Amino acid sequence: MTFPLYFPFSLTQFWNNSNLRKKLALSFGISTFLLSIIFSLVVSQSLKSHIQKEKIIFLQQISNELTNTFNRGLFERQHDIENMAILPQFRNPTNNNEDRRLFLEKLQNSYEYYAWIGFANTEGIVEVATGKLLEGEKVNERPWFIEGLKSIFIGDVHEAKLLARKLPPLPSGEPLRFMDVSIPVYSEQGSLTGVLGAHLSWNWIEDVEDSLVENIPNDQQIQILIIANDGLILFDSGNSWRGKTVTSPPEDAISTEFFNNNDYIISTQADKGNFLVNNLGWRIVVRQPKITAFKSIGILQQKILFWGLLLATIFSLIGWYFASYLTQPLLNLAYYADQIRRGDYEIVKCDRTLFANTKKHKYYNNYFEIQNEILLLYNSFEELIFTLIKKEKDLKNINKQLEEKVKIRTQDLRKAKEIAEKANQAKSVFLSSMSHELRTPLNAILGFSQLILEEENITKDTKENLQIIINSGEHLLSLINEVLEISKIEAGKMVLNNSTFNFYELASSLKSMLLIKATEKNINLLLEIDNNIPEFMYADERKLKQILLNLISNSLKFTQAGSITVKAVLETENKIYFAITDTGRGMKPEELEKLFTPFFQTESGIESKQGTGLGLTISRQFVKMMGGELKVKSQFNQGTTFEFTINFQSDSLPFHQKEAFNLRKIIGVKANTANYRILIVDDEDNNRLLLTKLLQPLGFSLKEAVNGKEAVEIWQDWQPHLIWMDIGMPVMDGFQATRAIRKKESMTESSHQTIIIALTAHAFMEEKGEILAVGCEEVVNKPFIKEIIFEKLQQFLKLEYIYNFSSVITPSVTNVDKSDTSEIKRKILVAEDNLVNQKLVVNLLNKLNYTVKIAKDGEEVIEILKKEDYDLIFMDIEMPKINGIKATEIIYQEFSHRQIPPIIAMSAHEDENIISVCKSVGMKDYICKPIKQDNLKLILEKYIGVKS
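In the UniProt record's numbering, the protein residues as written are 1 to 948.
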């Protein structure tokens with residue numbers, strides 16, 4: 001919208017600002033150049049019509065000559081075949097094939113583009129041919145033979161079929177293409193004896209084209225195309241359109257809609273087949289790009305414009321000098337006026353004739369009358385230029401000052417960043433060190449408390465007191481973790497650790513921990529739990545416990561009398577609503593706004609001098625991670641309510657986890673259960689023995705196989721209901737065995753299909769899909785636990801188990817009874833430099849009936865391993881001389897020739913990076929201090945495979 005207004009304004013302004021010399025020079029030059037342009041356009045238009053007519057005639061001559069040459073060549077080949085067909089050697093079928101082949105090869109040698117000449121009998125079998133090619137082969141389906149039985153036939157261009165395998169390929173890599181000429185051959189009695197046919201190589205057309213255009217310069221870009229009746233381009237001298245299909249070429253000489261919308265001058269000549277028996281319907285197209293045809297016009301236009309520009313320059317110079325002569329008096333007048341403006345009146349006195357007719361008292365009035373507008377505009381621009389120069393200098397000074405300030409501030413920010421990074425690094429080192437130092441004594445407190453708790457001769461009250469000590473110690477451990485967790489939250493490294501747990505046990509544990517303090521303050525601690533909440537749930541137990549512990553402890557801290565009510569309601573199938581309400585002091589509105597800010601404490605909190613101000617911040621983040629939102633409602637001097645929701649899963653709890661929590665042991669199946677046949681396939685004796693002992697109490701028929709081949713043989717004779725199939729075995733692996741069984745099942749009729757469950761130590765997700773694809777119903781990873789085995793049996797065989805309620809604390813992998821334990825007394829090597837931790841681990845392992853050896857550092861571990869073997873090594877990662885990480889690396893280097901026992905890392909640092917480093921050097925697992933007895937048992941059962 002602005003351009004049409006701006007352009008005339010700018011042009012007018014330019015014209016007004018230009019002096020007379022410029023105006024005259026531009027007028028003369030532009031007028032001359034415009035006349036040159038008009039003259040060049042008129043001349044080019046006149047020449048274009050004349051050149052176009054000449055080019056059309058020239059292209060028509062080429063197309064006519066090409067058509068005649070092409071027809072003449074085909075006529076000669078047709079005449080060759082006709083003459084050959086009447087020779088006695090071909091009319092008499094009893095003649096020798098060698099004689100007939102000699103005639104054919106002479107004809108082939110007479111014309112270099114004969115690719116093949118042959119004679120086929122009436123059944124289509126080639127009897128004789130040049131070079132013996134295709135002799136004995138049937139050609140009864142080829143068009144040249146079919147049409148040749150009827151009359152003389154000239155076929156269209158086609159790709160070689162049978163001869164493509166016999167003749168060498170073209171150097172260009174293009175397929176061989178032929179034209180066919182064939183004629184029926186009759187005996188002397190007039191009966192049809194066969195067909196004489198010849199294949200002409202299509203390359204002969206290129207020689208024809210070369211002979212026609214050899215005298216035409218290459219820059220003329222003359223192109224020849226031969227287009228078949230169906231639009232297929234058979235030949236293109238430019239090789240860019242060959243093999244493509246186009247619509248019928250235009251009849252007019254100029255076309256812009258043909259050949260990719262490019263402009264060409266075209267001559268089209270239809271092949272009438274004047275000399276031939278049948279008309280092929282081809283079109284000969286000769287074309288030349290218009291830009292090439294009219295190139296001479298463009299050159300002429302350039303010359304005209306060049307001379308026009310030269311004349312325009314000359315006339316501009318003439319106008320410039322002519323205008324200078326005319327404008328000199330005006331410039332003199334402007335000079336005088338400028339000097340007067342500057343206050344120099346002497347120059348006016350020097351030439352009084354200038355103002356001879358002007359009265360002296362009227363001089364200043366006449367100054368503006370005699371001064372022209374160019375001088376006035378000059379003065380205005382002069383003042384503007386001075387102003388701009390001054391402002392530019394000021395701006396440069398300001399920019400320089402700003403650059404200095406930015407440079408100083410950038411340096412300050414860099415220093416502040418370095419200080420912050422060092423402080424953050426120091427904080428991380430401090431937190432890590434404090435975590436280790438505080439966990440170490442807690443390890444002894446919690447560990448020995450657990451040992452005493454399992455003594456049989458202690459009273460019930462003592463057990464309860466010990467349990468409270470353990471719970472409080474674990475709470476202290478969680479407080480230590482609180483500082484680390486807020487750091488992880490700030491760094492975005494906190495993740496959920498979901499597991500199955502008993503919700504009611506969690507609530508009871510919390511109440512027992514907090515009831516003593518509530519009783520001391522004479523506060524009524526109430527738990528209102530909805531009966532619809534499932535007993536077992538799948539969520540992050542530690543975070544939920546931490547949330548509730550923080551909120552209830554908060555209420556206890558700021559409530560002096562009354563009650564604290566913890567309410568839990570099942571809001572939806574997978575969501576629980578919690579509300580913690582107290583009758584304490586409450587909070588002011590301005591405190592509520594900052595309540596969840598890290599390290600913020602209310603007035604009551606400051607007065608109590610308790611807490612870090614992190615608990616609510618961590619709790620809110622944990623609630624958010626568990627799918628809810630922590631909210632608070634409070635009235636000053638009346639009380640406070642914290643409420644939140646969490647998401648959990650209840651329907652997808654694994655069977656073995658429920659059974660572990662219920663503390664039930666499977667001792668058999670219901671009496672009406674069928675006697676299932678179960679086959680155990682594994683090349684390891686211990687693995688087969690383990691499964692056999694595990695399944696024997698169920699009363700099923702069991703058989704064993706050491707490889708896949710033996711498994712297939714047993715399956716064929718015994719027809720088991722279920723197979724435990726190891727994947728990695730010699731002779732025949734699990735993949736091959738499963739495929740063989742499934743294949744045999746598909747070929748025979750059976751009352752049931754065998755269920756195959758794969759056992760593998762390498763079942764990554766992609767391999768699991770491959771295992772299921774070969775026909776296995778399920779995949780179980782090694783090392784497995786017995787509850788998973790029982791769960792899969794129940795799932796696929798629809799079993800109903802008989803349970804024996806016992807005091808079993810954790811799930812076990814095997815079914816070995818107490819009498820077996822003495823026979824499998826395993827040796828454990830413990831590397832630990834702390835004497836308290838040494839005593840704790842020794843007591844725990846001795847109580848579990850293991851033989852224990854202590855090493856105080858990594859160097860001693862290596863020396864002990866040189867003398868005797870151990871079943872498992874617990875390796876503290878922080879020890880003098882050689883630490884646990886370095887010791888593990890040395891063990892794998894020096895003892896690679898023998899079986900290396902599983903190495904379990906021990907550390908007070910619960911950090912993912914440290915765990916990753918431990919596993920990278922070969923450690924199998926990780927146990928965090930303080931060491932819990934249940935965690936220790938799980939590690940032992942997982943890697944040694946003997947029930948503690």
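Glycine included, C-beta positions come from ideal geometry on N, C-alpha and C.
Values in this document were obtained by computation on a predicted structure and should not be read as measured data.
| query | result |
| --- | --- |
| Along the chain, where does the alpha helix (DSSP H) containing MET747 start, and where does it finish? | 734–747 |
| Name the residue from PRO930, CYS928, ARG414, ALA905 whose alpha carbon lies nearest to the alpha carbon of LYS919. | ALA905 |
| Under the three-state reduction of DSSP, which class applies to TRP307: helix, strand or coil? | helix |
| How is the beta strand (DSSP E) around THR645 delimited, first residue to last? | 639–647 |
| Considering Cα atoms alone, identify which of TRP282, LEU694, ILE297, ILE882 is closest to ASN71. | TRP282 |
| Exposed or buried, which one is ILE667 when buried takes at least 16 other CB atoms within 10 Å? | exposed |
| Per DSSP, which residues does GLU778 bridge with? Please list them. | ILE757 |
| With three or more beta-carbon pairs closer than 8 Å as the criterion, would you say the stretch 552–568 touches the stretch 526–538? | yes |
| What's the gap between the Cα of ILE802 and the Cα of PHE790? | 12 Å |
| Please tell me whether VAL181 and TRP144 are closer than 9 Å, where the distance is taken between their beta carbons. | yes |
| Taking Cβ to Cβ, would you say GLN546 is nearer than 9 Å to ILE618? | yes |
| List the whole-angstrom C-beta distance separating SER31 from LEU305, where the pair is believed to meet the contact cut-off of C-beta under 8 Å. | That pair is no contact at about 15 Å. |
| Contact check, residue 949 vs ALA705 under 8 Å by CB: the rounded distance? | No answer is possible for residue 949: the residues shown for the chain start at 1 and end at 948. |
| Any idea what DSSP makes of THR256, helix, strand or coil? | Confidence at THR256 is low in this model, with a pLDDT of 43, below 50, so its placement is unreliable and no value can be given for it. |
| Provide the residue span of the beta strand (DSSP E) that contains ASP685, from first to last. | Run containing ASP685: none in the beta strand (DSSP E); it sits in the alpha helix (DSSP H), 685–695. |
| Using three-state DSSP, classify ASN840 as helix, strand or coil. | Note on identity: in this sequence residue 840 is Leu, with Asn being the wrong assignment. LEU840: helix per DSSP, three-state reduction. |
| Can you tell which of LEU556, PHE642, ALA539, LEU300 has the C-alpha that lies nearest to the C-alpha of GLU520? | LEU556 |
| Could you spell out the range, first to last residue, of the beta strand (DSSP E) harbouring ASP201? | Here residue 201 turns out to be Ser, not Asp, going by the sequence shown. Where SER201 is concerned, the enclosing beta strand (DSSP E) stretches over 192–201. |
| Less than 8 Å between C-beta atoms, sequence neighbours within five positions excluded: which residues of the same chain meet that for VAL185? | ALA85, PHE90, ARG91, PHE119, LEU192, THR193, GLY194, VAL195, LEU196 |
| Need the endpoints of the beta strand (DSSP E) that ALA905 sits in, please. | 903–907 |
| I'd like to check one pair, THR313 with PRO29: are the Cβ atoms closer than 9 Å? | In the sequence as presented, Pro is not what sits at residue 29; that position holds Gly. Yes, these two residues count as a Cβ contact at 9 Å. |
| Measuring CB to CB, does LYS798 end up less than 9 Å from GLU778? | no |
| Look at the alpha carbon of SER563 and the alpha carbon of LEU526, and state the distance between them as a whole number of angstroms. | 7 Å |
| Please confirm whether ILE944 and LYS924 have their CB atoms less than 9 Å apart. | no |
| Need the endpoints of the beta strand (DSSP E) that GLY858 sits in, please. | Run containing GLY858: none in the beta strand (DSSP E); it sits in the alpha helix (DSSP H), 858–867. |
| Would you please state the rounded distance, in angstroms, between the beta carbons of TYR892 and GLY922? I believe it to be under 8 Å. | 5 Å |
| Consult DSSP for ARG826 and reduce its assignment to one of helix, strand or coil. | coil |
| Quick check: what's the CA-CA separation for GLN302 versus LEU41? | 11 Å |
| Taking the Cβ atom as the reference point for each residue, do ALA160 and ARG177 lie within a distance shorter than 9 Å? | yes |
| By the three-class DSSP mapping on this structure, what secondary structure does LEU938 have? | helix |
| Which one or two residues does DSSP pair with SER159 in a beta bridge? | For the record, residue 159 in the displayed sequence is Glu; it is not Ser. ARG177. |
| Go through its chain and collect everything with a Cβ distance to GLU456's Cβ below 8 Å, but skip five positions before and after it. | none |
| Reducing DSSP to helix, strand and coil, say where ASP717 ends up. | helix |
| Please determine, among SER896, CYS928, LEU845, the residue with the shortest C-alpha to C-alpha distance to GLU878. | CYS928 |
| Which same chain residues, not among the five before or five after PHE700, have their C-beta less than 8 Å away from its C-beta? | ASN675, TYR676, ARG677, ILE678 |
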